[in-house]
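Chains as they are written, first to last, in our numbering: chain P, 4 to 293; chain F, 6 to 308.
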């Protein structure tokens with residue numbers, strides 16, 4: 004009885020900020036997305052209720068759909084590559100001991116501590132036609148330099164930056180999960196004759212399963228939000244406006260001042276994220292574990 | 006006789022270690038080596054580049070040093086370009102990130118405590134709702150937030166284009182709340198609370214005096230993650246801050262990247278600035294590394 008108010012007092016600072024800076028904006032975005040600009044007679048354009056007009060427009064906007072297709076392709080290619088490397092490195096690192104292990108752990112984790120903007124800048128210079136050490140090598144050996152910032156390949160140049168930043172992070176998460184496994188389990192498995200590849204396949208991978216699912220979900224969420232990397236590459240190369248949904252939405256809002264339309268697209272992205280994460284969770288049958 | 010035994014044991018242990026080491030195939034060594042090279046390559050390029058001027062950048066091998074060195078020149082340029090605005094950005098980043106770290110560690114600690122130690126109606130639903138917002142993309146939050154703050158500004162509440170417009174929204178940290186709840190669950194036994202209540206301690210005393218010292222590790226972990234998130238954030242300050250003098254480092258460097266002086270970009274100066282701006286993060290990571298891993302391990306295992 005005494006503690007009916009107390010928990011809410013403890014919750015209040017977080018909840019206040021959460022309500023003001025999370026729930027209200029999302030609610031406002033939903034509200035805003037239902038309005039369109041309409042010119043009445045010769046007067047200035049007015050905001051009038053438009054129902055789902057903005058959503059219908061988004062679903063017919065080939066540039067927006069293209070950005071969705073881009074990010075979908077990105078996710079299907081980049082997430083598996085990143086996570087397979089992360090899992091492989093985590094498993095190998097788990098069996099390394101002592102100083103070497105600390106060294107590799109630190110090195111692999113470093114990229115995550117670099118701000119995305121700076122990672123974008125660094126790689127942007129490394130991709131640049133005249134600066135890239137790769138191109139220096141190619142021209143020195145008499146071959147044509149590559150343009151890694153041309154509109155056709157830039158999506159994959161962004162994918163490389165994302166992979167560079169996040170593989171180590173995911174690897175450490177997986178590695179931490181492996182380190183928490185009681186060693187008796189491995190001993191028992193060894194006594195049963197599991198060794199090498201068998202130990203990995205029958206013991207370590209199943210133990211990692213929940214953590215792998217977690218990293219997949221976070222990667223899906225992160226991928227849908229890719230923004231800084233292509234944004235920073237823009238002045239260095241030919242980055243299409245709609246390379247990712249977020250760059251397209253940002254430009255619609257800040258350059259074209261189409262707030263309501265941008266809000267509608269942002270909500271669609273949130274829904275797509277929910278949908279993909281949900282499908283994946285259901286597929287992985289983890290739904291009852293949270 | 007007793008002196009012999011340890012030697013045998015040591016020898017046996019050494020033999021075992023060697024056998025385990027032999028277990029590494031060249032493939033595994035190659036994997037670790039390649040991944041290390043990949044992780045370090047851009048950082049190596051950055052270190053080499055801060056010793057060059059723009060001319061050398063285009064004419065000397067990209068992955069090796071060039072002479073004469075222009076390191077001091079580059080550092081001087083970073084700190085004096087546009088009347089030394091870089092120093093301002095650096096201070097802004099420190100200030101914003103520190104405020105975000107302390108603020109979000111405290112709000113996550115109190116809220117996490119409520120979720121961990123009290124039964125109340127709608128507890129699980131509320132927790133689920135807060136964690137669910139991790140999936141809402143930045144644009145869906147930041148864009149309407151920008152519009153709301155703009156309206157507030159017109160209504161006489163000046164938030165937009167002030168540090169608060171960046172700091173306050175950054176304090177909401179659902180993942181930090183999740184971590185803090187786990188720390189409260191494991192580090193502060195309910196028996197202890199019951200005992201303190203019987204002794205007549207108030208709920209606030211129990212939380213501050215008894216609880217907080219026990220979850221110090223959690224507080225540092227959440228503060229560290231929030232600090233780095235604040236330091237690295239780009240989209241929120243991009244939308245909220247208009248005056249160059251309020252920019253954090255990330256935003257400032259990106260503006261420099263957009264500007265050209267004549268036809269020449271400020272490449273080596275920007276790279277030097279970039280390196281300076283990641284030094285605090287690397288220092289924090291190297292000194293507080295165990296908290297990083299602790300946080301990730303907790304999140305990973307319980308997740």
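Backbone N, C-alpha and C fix where the C-beta goes; we use that ideal spot for every residue, glycine too.
Let me check one thing: in DSSP terms, what residues is residue 48 of chain P bridge-paired to?
The residue labelled residue 48 of chain P in the question sits at position 45 within the first chain. Residue 48 of chain P is bridged to P:42.
Between the Cα of residue 3 of chain P and the Cα atoms of P:226, P:46, P:97, which residue gives the shortest distance?
Nothing can be reported for residue 3 of chain P, as the shown portion of chain P is limited to 4 through 293.
Give the list of continuous alpha helix (DSSP H) stretches no shorter than 4 residues that lie fully inside the stretch 209 to 273 of chain P.
Runs of the alpha helix (DSSP H) inside the stretch 209 to 273 of chain P: 231 to 236, 248 to 257.
Could you run through the stretch 35 to 62 of chain F and flag, in chain order, every residue whose CB is less than 9 Å away from some CB of chain P?
Per Cβ criterion, the list reads 36, 37, 40, 41, 43, 44, 45, 46, 47, 48, 50, 51, 54, 62.
Using a Cβ cut-off of 9 Å (strictly closer), state whether residue 283 of chain P contacts chain F.
If you number the first chain from 1, residue 283 of chain P lands on position 280. Not closer than 9 Å to any Cβ of chain F, the Cβ of residue 283 of chain P fails to qualify, so no.
Along the stretch 133 to 159 of chain P, where does the CB come closer than 8 Å to a CB of chain F? Name the residues.
Cβ contacts with chain F come from 133, 134, 135, 136, 139.
Assuming the contact rule is C-beta atoms closer than 8 Å, residue 89 of chain P and residue 181 of chain P should be a hit. Round their C-beta distance to whole Å, please.
Along the first chain, read from residue 1 onward, the residue named residue 89 of chain P stands at position 86. Along the first chain, read from residue 1 onward, the residue named residue 181 of chain P stands at position 178. That belief does not hold up - the Cβ atoms of residue 89 of chain P and residue 181 of chain P are roughly 12 Å apart, past 8 Å.
Alpha carbon to alpha carbon, how far is residue 186 of chain P from residue 207 of chain P?
In the first chain, the residue the question calls residue 186 of chain P occupies position 183. In the first chain, the residue the question calls residue 207 of chain P occupies position 204. The straight-line gap from Cα to Cα measures roughly 12 Å.
For residue 164 of chain F, which of helix, strand or coil comes out of DSSP?
For this step, residue 164 of chain F is matched to residue 159 along the second chain. DSSP places residue 164 of chain F in coil when its eight states are reduced to three.
Could you check which residue in F:294, F:195, F:257, F:76 has the C-alpha nearest to that of residue 282 of chain F?
Numbered from 1 along the second chain, position 277 holds the residue referred to as residue 282 of chain F. Residue 282 of chain F has its Cα closest to that of F:257, out of F:294, F:195, F:257, F:76.
Could you name the residues of the same chain whose beta carbon sits closer than 6 Å to that of residue 130 of chain P, not counting the 5 residues immediately before and after it, in chain order?
The count along the first chain starts at 1 and reaches residue 130 of chain P at position 127. Closer than 6 Å at the Cβ level, and outside the excluded window around residue 130 of chain P, lie 151, 152, 160.
If the cut is a Cβ gap below 7 Å, which residues of chain F does residue 6 of chain P touch?
As a first step, residue 6 of chain P must be located in the first chain, where it is residue number 3. Here the neighbours are 123.
May I ask you to report which of helix, strand or coil DSSP gives residue 146 of chain P?
Here residue 146 of chain P corresponds to residue number 143 of the first chain, with the count starting at 1. In this structure, residue 146 of chain P counts as coil in the three-state DSSP scheme.
Looking at chain P, which residues of the stretch 269 to 285 of chain F have a Cβ within less than 8 Å of any of its Cβ atoms?
Correct list: 272, 275, 276, 279, 282, 283.
From the beta carbon of residue 126 of chain P, is the nearest beta carbon of chain F less than 9 Å away?
Taking the first chain and counting its residues from 1, the one referred to as residue 126 of chain P is at position 123. Yes, because at least one Cβ of chain F sits closer than 9 Å to the Cβ of residue 126 of chain P.
Determine the extent of the alpha helix (DSSP H) in which residue 242 of chain F is found, giving its start and end residues.
Start at 1 with the first residue of the second chain, and residue 242 of chain F comes out as number 237. Element bounds for residue 242 of chain F: 240 to 245.
Between F:48, F:185, F:110, F:127, which has its C-alpha nearest residue 117 of chain P's C-alpha?
Within the first chain, residue 117 of chain P is the residue found at index 114, counting from 1. Selected option, being the one with the closest Cα: F:48.
Taking the alpha carbon of residue 170 of chain F as the point to measure from, which residue in F:105, F:56, F:89 has its own alpha carbon closest?
For the purposes of this step, residue 170 of chain F is taken as the residue at position 165 of the second chain. The residue with the shortest Cα to Cα distance from residue 170 of chain F is F:105.
In this structure, does DSSP put residue 123 of chain F in helix, strand or coil?
Within the second chain, numbered from 1, the residue matching residue 123 of chain F stands at position 118. Coil.
Could you tell me the boundaries of the alpha helix (DSSP H) in which residue 196 of chain F lies?
Position 191 of the second chain, counted from the first residue, corresponds to residue 196 of chain F. It spans 195 to 203 - the alpha helix (DSSP H) in which residue 196 of chain F sits, taken as one unbroken run.
So which residues of chain F does residue 113 of chain P contact, with C-beta pairs closer than 8 Å?
The count along the first chain starts at 1 and reaches residue 113 of chain P at position 110. Correct list: 44, 45, 48, 287, 290.
My output table needs one value for residue 286 of chain P: the three-state DSSP class, helix, strand or coil.
Mapped onto the first chain, residue 286 of chain P falls at position 283. DSSP places residue 286 of chain P in helix when its eight states are reduced to three.
Going by CA-CA distance only, name the one from F:277, F:254, F:289, F:288 that's closest to residue 94 of chain F.
In the second chain, the residue the question calls residue 94 of chain F occupies position 89. When only C-alpha atoms are compared, the closest one is F:254.
As a quick exercise: from F:68, F:287, F:142, F:159, pick the residue whose alpha carbon is nearest that of residue 277 of chain P.
Against the first chain, residue 277 of chain P aligns to sequence position 274. Among F:68, F:287, F:142, F:159, the Cα nearest to that of residue 277 of chain P belongs to F:142.
Against residue 31 of chain P, what residues of chain F qualify as contacts under a CB-to-CB distance less than 9 Å, listed in chain order?
Start at 1 with the first residue of the first chain, and residue 31 of chain P comes out as number 28. In chain order: 149, 150, 152, 153.
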